[in-house]
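Heads up: the protein sequence lines correspond to chains A and B, in order.
Residue 119 in our numbering sits at position 119 of the first sequence, with consecutive numbering throughout.
Residue 430 in our numbering sits at position 430 of the second sequence, with consecutive numbering throughout.
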Amino acid sequence: MSKVIFSNITKRYPGVAGATAVDRLNLTIEEGTLVTLLGPSGCGKTTTLRMLAGFETPTDGTITIGGRDVTNVPVNARNVGMVFQSYALFPHMTVRENVEYGVRLLPLAKGEMKDRVDSILETMALAQYADRAPARLSGGQQQRVALARAVVTQPKVLLFDEPLSNLDAQLRERMRDELRAIQLRLGITSLYVTHDQSEAMAISDRVVVMRGGVIEQDDTPLNVYSRPGTGFVAEFMGKANILRGTVETVDETTVRVRISTTVAFTLARGPRAFRPGEAVRCVVRPEHIRVDPDGAMEAKVRRVVFQGAHVEYLTEIEGQECVFLDSDYYRTGVAEVGQTLRLSIDSRPVWILPETETASMGKAA
Amino acid sequence: MTLASQATPSGRTAAAPAFLRNIVVDPWLFGIFAVTTLSVLVFAALPIFTVLKQAVVTEHGFDIAVLISTLSQSFVWESLANTLLLGATSALIATAAGFLLAFSATRTTMPGKIFVHGVALLPIISPPFVMALAVVILFGRSGLITRELLGIRNANVYGFHSLVLIQSLAFTPIAYLNIRGMLQSIDSALEDASASLGASRWTTFSRVTLPLVTPAILSSTLLVFVKSVEDFGNPMLIGGNFNTLAVEAYSQMVGYFNLQAGALLASLMLVPSMTAFLIHRYWVSKRSYVTVTGKPSAQTIRISGAVVVPLTIACYAIVLAILLFYLTVIYVSFTRLPGVDNTLTTAHYVTVFTAGFHTLSNSLLLAGIATPVTAIAGMLIAYLLIRKAFPGSFLLRWGTLLSFAAPGTILGIGYVSTFNAPPLLLTGTAFIVIAAMVVKNLQVGIEAGSNQLRQIDKSIEEASTILGASNTRTFFQITLPLLKPALFTSLSYAFTRSLTTLSAVIFLVSANWTLITVTILSQVETLKLGVAAAYCSILVFVVLAILALMQLVLNSTSKR
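Dropping the structure here:
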């Protein structure tokens, strides 16, 4: 078992007043799953990862891997693998020597050592580059060497520190899928750090959104996107319109929220309690708004950005800004700034947040 | 142990304070750290403090009267004034010459740059007093120029004027390399931008180029000043009645057996040296606009035409003077009795390889041992200081800095007085000579190593530890190989310096372990100029050969 549990982990840096990088963090990574820490820079995600690696020591709290307390276990005795942002390949060694490095430190017979290295090089399609220096490989190949080197020792936990940020956009998607496929095949418990929300959603079993050293939300990718716990999460997980409104009516199964004189939604209520007259915020994703001549909503166009696959409109609805995408522009034509459009909103995916949120909002109970 | 028992307010029990944890995690590396720090304290800091103590405390304890009576003697203040005057003059001239060479070599169409560069580096790889020897041969009482060419009978070569000439030429390369490095790292786009804004060449030079290299100019001036203060061989040979602190300290110690006066004079040397060093480290280097990475940025030669002619003439004058001095030494090494009997002979070389063979092999052996120790210790200390924060790191940092900034004379006197009794009875052994060589040259390796380490991605070392390697293994298998360029810089420097050093080791040599530089000095003093010249020629040749060999090894190992 190599379930990872962070209990009440705090990291403060000495000297700097108020420099709490991570604040009483509780997080569980289930055996064999991939959990992503997602957030802007300075949110504590990298510090959290480095504490699991052993490069940083928590100021308080404990970390266990497979039930063993590793809080004070040195890095080299943790049996953890890591793929670094810069790959950190040893430049003075060949691909094979890089991959061999960790295996040589294990109590293995010569033959088994060679078998392991050969098989991982084969798996990663690196066999033909085994005797090259890392500098003579492409970015994707270097990435594979880094991954091969990290998993060949069969670590209990695999860590990824923004491993794709040095690759160009196309390669990034391919490598992302490769990483995920290998992680699933090996069934290795993994912690992945990124600031790219689409990468996080594509690769993870769970996404943990962090801000200011605390967890904002810990949930499945689907829920983090469609049921954000806070306004921050909603806006961090891709584009979101947050429209302010008032609860009009509540009944057993639905709630009706009025955004403006012309716009109101009737939504499934869910478990949350609402009372009429309560101020709320509605999270509406741009892709759920469309141009509709019969739509109830009138919006004034403020900015038009043509992006090829669609046109992005920034509009104004009775003082509130609203962004949406129109991919039917070839039929309806592109509107101009100042024009008024009629829109309709698909109300099923609209998510309601309270007017104000407390610090504990969205935290996994 | 009081540290460990302090309870942490948060109620943690298992986690020790971070710095203690560093030790527990890697006891081996901490052991290495402890041994290194202790060695630096014993062999760098302790001797210097011993000298400082001896300067004020006699065998009857602290006696203000003795101190006052020593301080009231005129030779103390005279030699201090001489030292400062010589240092300042040489520093200004050498820096000006160095700037001229560097500017011409990097910014103009001066012909023969490789030749100029090569010759300008000669003084760096040879013992400092090769110049003095050449000056005696050329301008002495029976000098090749003064008597043979000009027919002057009573030429007085000894004194301030000769010292300034010699030190200026000998230390110009330091300024040249320093300023050249900075000129090369200035992006020419800055100068192009100035020109595109309508500035004349002179305006660009005086308002853009010059201010940007000012830090290098200041730092060169201070470095040459420190070198001049420390110089022992040249003032000894050619100073005449113009005694500097280094010479006066030596003659008080060795000539009059006046330990207290010698210690006091050596301690006085610390004042200008440390002042210049600290100004350099904490003021000048912080004012640098460009960081010298050793990687020249794209340079375009902008200055051509008439202005190059006077620059070229001036550069060639400097370079030809240096070359003349070296050729003179080589010529004299093949001459029976220079100025008297100018027939060619190999007799001096025969002497060197027979009677002098012991000295030569001693020098090579001791420098050969000191060199790798210096270089590897330098890399190790750089690693310990940059990557690991062990408690007590500051002792290591300041110990090595002190040994670097302190003149060789004080270190030499300190060694004699510190290691002359059990448990550290080392006088007369090879060990004491090697220790002095290592300690004196350590800092250059530490600097080179530290600069390189800052450029190596820390995660490469982290990758090694997370794969299961200890910090000690990581250092030797990952860090050290990546530090190879700095290691070779340090090896080259340590070898050259160890073989050509004089100021510290002159106090430490014994009948069993003597050194080529000390022998050359005594040969010159007894006017056996031919033999001295042969020694010098061999020394320069050996250094050149070893440096070329190292370069070859570096090139062949860095290709894969």
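For every residue, glycine included, the Cβ atom is placed at its ideal position computed from N, Cα and C.
Listed by chain order, chain A residues near residue i by CB distance under 7 Å
{"i": "residue 478 of chain B", "result": "90"}
{"i": "residue 459 of chain B", "result": "84, 86, 88"}
Which of helix, strand or coil DSSP assigns to residue i
{"i": "residue 78 of chain A", "result": "coil"}
{"i": "residue 61 of chain B", "result": "strand"}
{"i": "residue 408 of chain B", "result": "helix"}
{"i": "residue 167 of chain B", "result": "helix"}
{"i": "residue 264 of chain A", "result": "strand"}
{"i": "residue 293 of chain A", "result": "coil"}
{"i": "residue 91 of chain A", "result": "coil"}
{"i": "residue 483 of chain B", "result": "coil"}
{"i": "residue 274 of chain A", "result": "coil"}
{"i": "residue 339 of chain A", "result": "coil"}
{"i": "residue 57 of chain A", "result": "coil"}
{"i": "residue 282 of chain A", "result": "strand"}
{"i": "residue 583 of chain B", "result": "Because chain B is modelled from 1 through 560, residue 583 of chain B falls outside the range shown and cannot be assessed."}
{"i": "residue 292 of chain B", "result": "Confidence at residue 292 of chain B is low in this model, with a pLDDT of 43, below 50, so the placement of that residue should be treated as unreliable; the coordinate-derived value is given next. Coil, per DSSP."}
{"i": "residue 177 of chain B", "result": "helix"}
{"i": "residue 255 of chain A", "result": "strand"}
Counted within 10 angstroms of its Cβ, other Cβ atoms place residue i as buried (16 or more) or exposed
{"i": "residue 220 of chain B", "result": "buried"}
{"i": "residue 350 of chain B", "result": "exposed"}
{"i": "residue 513 of chain B", "result": "buried"}
{"i": "residue 348 of chain A", "result": "exposed"}
{"i": "residue 10 of chain B", "result": "Note that residue 10 of chain B scores 39 on pLDDT, short of 50, meaning its location in the model is unreliable and no value can be drawn from it."}
{"i": "residue 110 of chain A", "result": "exposed"}
{"i": "residue 591 of chain B", "result": "A question about residue 591 of chain B goes unanswered here, because the residues of chain B that appear run from 1 up to 560."}
{"i": "residue 227 of chain B", "result": "buried"}
{"i": "residue 177 of chain A", "result": "exposed"}
{"i": "residue 232 of chain B", "result": "buried"}
{"i": "residue 213 of chain A", "result": "buried"}
{"i": "residue 338 of chain B", "result": "buried"}
{"i": "residue 561 of chain B", "result": "Beyond the ends of chain B as shown, which are 1 and 560, falls residue 561 of chain B; an answer cannot be given."}
{"i": "residue 245 of chain A", "result": "buried"}
{"i": "residue 510 of chain B", "result": "exposed"}
Proximal chain B residues relative to residue i, where beta-carbon distance stays under 7 Å
{"i": "residue 237 of chain A", "result": "By Cβ distance, chain B contributes nothing, its closest Cβ being about 29 Å from residue 237 of chain A, past 7 Å."}
{"i": "residue 102 of chain A", "result": "467, 468"}
{"i": "residue 253 of chain A", "result": "Correct list: empty, because the minimum Cβ distance to chain B is about 49 Å."}
{"i": "residue 267 of chain A", "result": "Those within 7 Å of residue 267 of chain A in chain B number zero; the least Cβ separation is about 45 Å."}
{"i": "residue 366 of chain A", "result": "Since the displayed chain A opens at 1 and closes at 365, residue 366 of chain A lies outside it and no answer follows."}
Residues that residue i contacts on chain B, provided the C-beta gap is smaller than 8 Å
{"i": "residue 13 of chain A", "result": "Near residue 13 of chain A there are no residues of chain B at all, since even the closest Cβ is about 10 Å away, more than 8 Å."}
{"i": "residue 47 of chain A", "result": "Ordered by position in chain B, no residue passes the 8 Å Cβ test against residue 47 of chain A, which lies about 14 Å from the chain."}
Proximal residues of chain A, C-beta to C-beta of residue i below 8 Å
{"i": "residue 462 of chain B", "result": "53, 55, 75, 82, 84, 88"}
{"i": "residue 481 of chain B", "result": "92"}
Residue of the options minimising C-alpha distance to residue i
{"i": "residue 205 of chain B", "options": "B:218, B:190, B:215", "result": "B:190"}
{"i": "residue 447 of chain B", "options": "B:432, B:487, B:479, B:419", "result": "B:487"}
{"i": "residue 235 of chain A", "options": "A:197, A:253, A:188", "result": "A:197"}
{"i": "residue 82 of chain A", "options": "A:131, A:150, A:185", "result": "A:150"}
{"i": "residue 342 of chain B", "options": "B:143, B:182, B:397, B:452", "result": "B:143"}
{"i": "residue 351 of chain A", "options": "A:177, A:224, A:47, A:172", "result": "A:224"}
{"i": "residue 307 of chain B", "options": "B:495, B:103, B:417, B:369", "result": "B:103"}
{"i": "residue 162 of chain B", "options": "B:33, B:90, B:201, B:359", "result": "B:90"}
{"i": "residue 34 of chain A", "options": "A:43, A:357, A:106, A:49", "result": "A:49"}
{"i": "residue 417 of chain B", "options": "B:31, B:46, B:36", "result": "B:46"}
{"i": "residue 138 of chain A", "options": "A:155, A:168, A:115", "result": "A:168"}
{"i": "residue 217 of chain A", "options": "A:37, A:199, A:96", "result": "A:37"}
{"i": "residue 269 of chain A", "options": "A:247, A:117, A:84, A:305", "result": "A:247"}
{"i": "residue 307 of chain A", "options": "A:319, A:324, A:315", "result": "A:324"}
{"i": "residue 96 of chain B", "options": "B:222, B:56, B:127, B:524", "result": "B:222"}
Closer than 9 Å at the beta carbon, the chain B residues around residue i
{"i": "residue 153 of chain A", "result": "467, 468"}
**OP:** Please list the segments of the alpha helix (DSSP H) lying wholly inside the stretch 107-136 of chain B, counting only runs of 4 or more residues, in order along the chain.
**Re:** Runs found: 113-121.
Original post:
Whole alpha helix (DSSP H) runs in the stretch 499-560 of chain B with 4 or more residues, listed along the chain?
Top reply: 516-525, 529-557
Subject >> alpha helix (DSSP H) runs wholly inside the stretch 188-238 of chain A, at least 4 long, in chain order >> reply: 197-203, 221-226, 231-236
**OP:** Within the stretch 106-190 of chain A, note down every full alpha helix (DSSP H) run reaching 4 residues or more, in order along the chain.
**Re:** Secondary structure within the stretch 106-190 of chain A: the alpha helix (DSSP H) runs of 4 or more consecutive residues, fully enclosed, are 110-123, 139-151, 169-186 (chain order).
**OP:** Would you list, in sequence order, the uninterrupted alpha helix (DSSP H) runs of no fewer than 4 residues that lie entirely inside the stretch 21-106 of chain B?
**Re:** 27-40, 46-56, 64-71
Original post:
In chain order, which alpha helix (DSSP H) runs of at least 4 residues are fully inside the stretch 197-259 of chain B?
Top reply: Complete alpha helix (DSSP H) runs here, min 4: 201-204, 210-230, 233-238, 245-250.
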